[in-house]
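Step one of this worksheet: look at the structure below.
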Amino acid sequence: MKFTPELSFAGGRVRPLTYDDADVLLAIYQQPEIPGQRVPDNKDQMTRMVDYSVQMAATQRGMIWLLEVGADDVYEVQGMVSAYDWQPSNLRVMMRVDGLPVLSDEHRAAALQTCMDFMAQKYHLRNFAYQWIAGQKDSIKSVLETVGFTAAARLRDGWRMGDSEFADVIQYHLLRAEAKPVPGRLGEQDNPGQNLEKSFSNKDGEA
Amino acid sequence: MNWNFNAGNFSLRLPVSDQDGDALYALMNDQAVVDHIPRQAMTVSAQALDELRRMAMRFETREAAFWLVEGMYDKQVIARIGIHHINWMQLSAQLQWELSAAVDLAVMQEILPQVLQFIFEELKLHRIEMRLCASERHEQLLQQLGFVREGVLPAQQEYEGDNVDLVVYSRLSSD
Numbered sequence: 001m002k003f004t005p006e007l008s009f010a011g012g013r014v015r016p017l018t019y020d021d022a023d024v025l026l027a028i029y030q031q032p033e034i035p036g037q038r039v040p041d042n043k044d045q046m047t048r049m050v051d052y053s054v055q056m057a058a059t060q061r062g063m064i065w066l067l068e069v070g071a072d073d074v075y076e077v078q079g080m081v082s083a084y085d086w087q088p089s090n091l092r093v094m095m096r097v098d099g100l101p102v103l104s105d106e107h108r109a110a111a112l113q114t115c116m117d118f119m120a121q122k123y124h125l126r127n128f129a130y131q132w133i134a135g136q137k138d139s140i141k142s143v144l145e146t147v148g149f150t151a152a153a154r155l156r157d158g159w160r161m162g163d164s165e166f167a168d169v170i171q172y173h174l175l176r177a178e179a180k181p182v183p184g185r186l187g188e189q190d191n192p193g194q195n196l197e198k199s200f201s202n203k204d205g206e207a
Numbered sequence: 001m002n003w004n005f006n007a008g009n010f011s012l013r014l015p016v017s018d019q020d021g022d023a024l025y026a027l028m029n030d031q032a033v034v035d036h037i038p039r040q041a042m043t044v045s046a047q048a049l050d051e052l053r054r055m056a057m058r059f060e061t062r063e064a065a066f067w068l069v070e071g072m073y074d075k076q077v078i079a080r081i082g083i084h085h086i087n088w089m090q091l092s093a094q095l096q097w098e099l100s101a102a103v104d105l106a107v108m109q110e111i112l113p114q115v116l117q118f119i120f121e122e123l124k125l126h127r128i129e130m131r132l133c134a135s136e137r138h139e140q141l142l143q144q145l146g147f148v149r150e151g152v153l154p155a156q157q158e159y160e161g162d163n164v165d166l167v168v169y170s171r172l173s174s175d
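So the sequence lines, in the order shown, correspond to chains A and B. What the first sequence shows, in full-length UniProt numbering, is residues 1 to 207, in sequence order. What the second sequence shows, in full-length UniProt numbering, is residues 1 to 175, in sequence order.
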């Protein structure tokens with residue numbers, strides 16, 4: 001079964017992780033955007049991360065995409081988009097983009113928007129959150145506001161950077177306007193769950 | 001580590017699953033006591049036993065710790081105070097309390113400093129926050145006890161058909 005889809009956005013695409021991505025994942029994590037994030041030193045951890053990304057998506061706990069910029073089968077990896085702390089009952093999820101320095105704000109915004117659109121349409125998520133951590137680029141805050149996020153709270157010392165160092169976290173939220181899905185009995189709406197090969201439009205899973 | 005301690009005229013102790021059911025039920029079957037969480041009040045005593053078992057399991061994994069607050073002399077349970085969502089990596093946790101009508105600022109000024117001392121000095125946590133529905137009584141108490149209002153997180157859960165926003169207050173070990 002396929003859990004994480006490839007999605008296009010203006011100027012690039014996001015796609016699921018594969019074992020062949022271990023090197024690029026390691027490269028991304030050599031330049032962490034988040035202050036205090038430990039730099040991994042071997043590829044094995046990245047391989048486990050690919051496994052983890054599949055398990056998270058299959059169990060609706062999270063989703064990870066590789067963010068690539070380019071077109072016509074010529075793409076350059078410039079980051080990752082992650083959804084985590086997924087709360088299906090509350091239709092809520094936390095988003096995060098880890099970008100290499102070369103990733104532009106425009107591509108960051110477009111990739112984030114595309115992934116959120118997918119999760120809103122496929123899983124009916126309505127409440128997206130994003131945590132900006134003091135020390136990250138200020139321009140990320142503008143990106144979030146451009147996409148539609150609003151700062152909701154400043155969590156003092158909400159992020160630990162070392163043994164006794166902490167950074168404030170600004171928590172943003174974006175509430176989607178779409179109506180919430182109406183609960184139904186199993187089979188009533190042919191709920192496709194996380195299986196992307198099925199859809200609401202065709203219960204047989206045909207294109 | 002001794003998880004039970006005294007605070008002024010009160011003692012705070014971890015509950016005993018097969019003994020504290022009645023006291024917990026008496027506290028938690030009052031809707032006013034749990035409105036700020038938000039949660040529905042208990043309606044049958046078996047719910048208190050279930051809750052006690054959950055508390056014990058969560059404590060076993062050090063995911064949470066809840067104390068019953070009882071008078072030192074009359075042994076009446078007047079509140080439950082606890083921490084949950086303990087994040088040992090981030091050194092943070094969420095505070096939760098259910099207070100009977102008998103608990104006012106003076107009582108909390110006896111209890112909470114000891115709770116915070118335990119959290120910051122014994123458990124070595126750095127940040128303690130409370131997330132709650134807007135509530136004049138509880139927010140006033142939090143502010144009088146030195147908590148800082150950090151903002152409002154929208155639509156955090158659905159309760160009684162409505163989306164519930166939660167206000168966030170915090171205390172740091174460095175405050």
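Beta carbons are placed, not taken as given, at the ideal position from N, Cα and C, and that holds for glycine.
For residue i, which residues of its own chain have a beta-carbon under 8 Å away from its beta-carbon, when the five flanking residues on both sides are left out?
| i | result |
| --- | --- |
| GLU206 of chain A | Reliability fails at GLU206 of chain A, whose pLDDT of 45 lies under 50, so the model's placement of it is uncertain and the value that follows must be treated cautiously. Nothing meets the Cβ criterion. |
| VAL169 of chain A | GLN131, TRP132, ILE133, ALA134, ARG154, LEU155, GLY158 and TRP159 |
| PHE118 of chain A | PRO5 and LEU7 |
Is DSSP giving residue i helix, strand or coil here?
| i | result |
| --- | --- |
| HIS138 of chain B | helix |
| PRO16 of chain A | strand |
| MET46 of chain A | helix |
| PRO35 of chain A | coil |
| ALA177 of chain A | coil |
| SER164 of chain A | coil |
| THR4 of chain A | coil |
| VAL168 of chain B | strand |
| ASP22 of chain B | helix |
| ASP23 of chain A | helix |
| PRO88 of chain A | helix |
| GLU145 of chain A | helix |
| ASP162 of chain B | strand |
| SER92 of chain B | strand |
| VAL152 of chain B | strand |
| ILE128 of chain B | strand |
| ILE37 of chain B | coil |
| ASP72 of chain A | coil |
| ASP204 of chain A | At ASP204 of chain A, the pLDDT of 47 sits below 50, so the modelled position is not reliable and the matter cannot be decided from this model. |
| ARG62 of chain B | coil |
| PHE9 of chain A | strand |
| LEU49 of chain B | helix |
| MET42 of chain B | coil |
| ALA152 of chain A | strand |
| SER53 of chain A | helix |
| VAL16 of chain B | coil |
| ASP157 of chain A | strand |
| MET80 of chain A | strand |
| GLN60 of chain A | coil |
| PRO27 of chain B | Just to set this straight, residue 27 of chain B is Leu in the shown sequence, not Pro. In the structure shown, LEU27 of chain B sits in a helix (DSSP, three-state: H, G or I). |
Taking the beta strand (DSSP E) that residue i belongs to, which residues open and close that run?
| i | result |
| --- | --- |
| MET94 of chain A | 92 to 99 |
| HIS84 of chain B | 77 to 87 |
| LEU68 of chain B | 65 to 71 |
| SER11 of chain B | 10 to 13 |
| ASN6 of chain B | 5 to 7 |
Spatial neighbours of residue i within its chain, please: C-beta separation below 6 Å, excluding the five flanking residues on both sides.
| i | result |
| --- | --- |
| MET63 of chain A | THR4, ALA57 and ALA83 |
| VAL50 of chain A | LEU17 and TYR19 |
| residue 177 of chain B | There is no way to answer for residue 177 of chain B, as the model of chain B reaches only from 1 to 175. |
| TYR75 of chain A | GLU68 |
| ARG61 of chain A | TRP86 |
| ARG92 of chain A | ASN127 |
Keeping to the same chain, check which residues put their C-beta closer than 7 Å to that of residue i; ignore five residues upstream and five downstream.
| i | result |
| --- | --- |
| ILE86 of chain B | ARG62, GLU63, ALA64 and ALA93 |
| SER139 of chain A | ASP105 |
| HIS126 of chain B | LEU91, SER92, LEU172 and SER173 |
| LEU112 of chain A | VAL81, MET95, VAL97 and VAL147 |
| ASP30 of chain B | ALA41 |
| GLN144 of chain B | LEU105 |
| GLN157 of chain B | VAL164 |
| ASP175 of chain B | GLY146 |
| residue 176 of chain B | Any question about residue 176 of chain B goes unanswered here, given that chain B covers just 1 to 175. |
| LEU142 of chain B | MET130 and TYR169 |
| SER201 of chain A | Reliability fails at SER201 of chain A, whose pLDDT of 48 lies under 50, so the model's placement of it is uncertain and no value is given. |
| VAL102 of chain A | GLN78 |
Kindly list, in the order they appear in chain B, the residues whose Cβ is closer than 7 Å to that of residue i.
| i | result |
| --- | --- |
| ALA153 of chain A | GLU150, GLY151, VAL152, LEU153 and VAL168 |
| ASP157 of chain A | HIS126, ARG127 and LEU172 |
| PHE166 of chain A | HIS126 |
For a contact defined as C-beta to C-beta under 8 Å, what are the partners of residue i on chain B?
| i | result |
| --- | --- |
| GLN171 of chain A | GLY151 and LEU153 |
| LEU175 of chain A | PRO154 and ALA155 |
Name, please, each residue of chain A whose Cβ falls closer than 9 Å to the Cβ of residue i.
| i | result |
| --- | --- |
| MET130 of chain B | Within 9 Å Cβ-Cβ: nothing; MET130 of chain B doesn't reach chain A, min ~12 Å. |
Using the beta-carbon of each residue, which ones in chain A are nearer than 7 Å to residue i?
| i | result |
| --- | --- |
| LEU91 of chain B | ARG160 |
| GLU158 of chain B | ASN90 |
Looking at the unbroken alpha helix (DSSP H) that takes in residue i, where does it start and where does it end?
| i | result |
| --- | --- |
| LEU112 of chain B | 105 to 117 |
For residue i, return the contacting residues in chain B, with the cut-off set at a CB-CB distance below 9 Å.
| i | result |
| --- | --- |
| ASN42 of chain A | Simply none; closest approach about 21 Å. |
#### Entry: Minimum length 3: unbroken beta strand (DSSP E) runs contained in the stretch 110 to 143 of chain A
Listed in chain order, they are 127 to 133.
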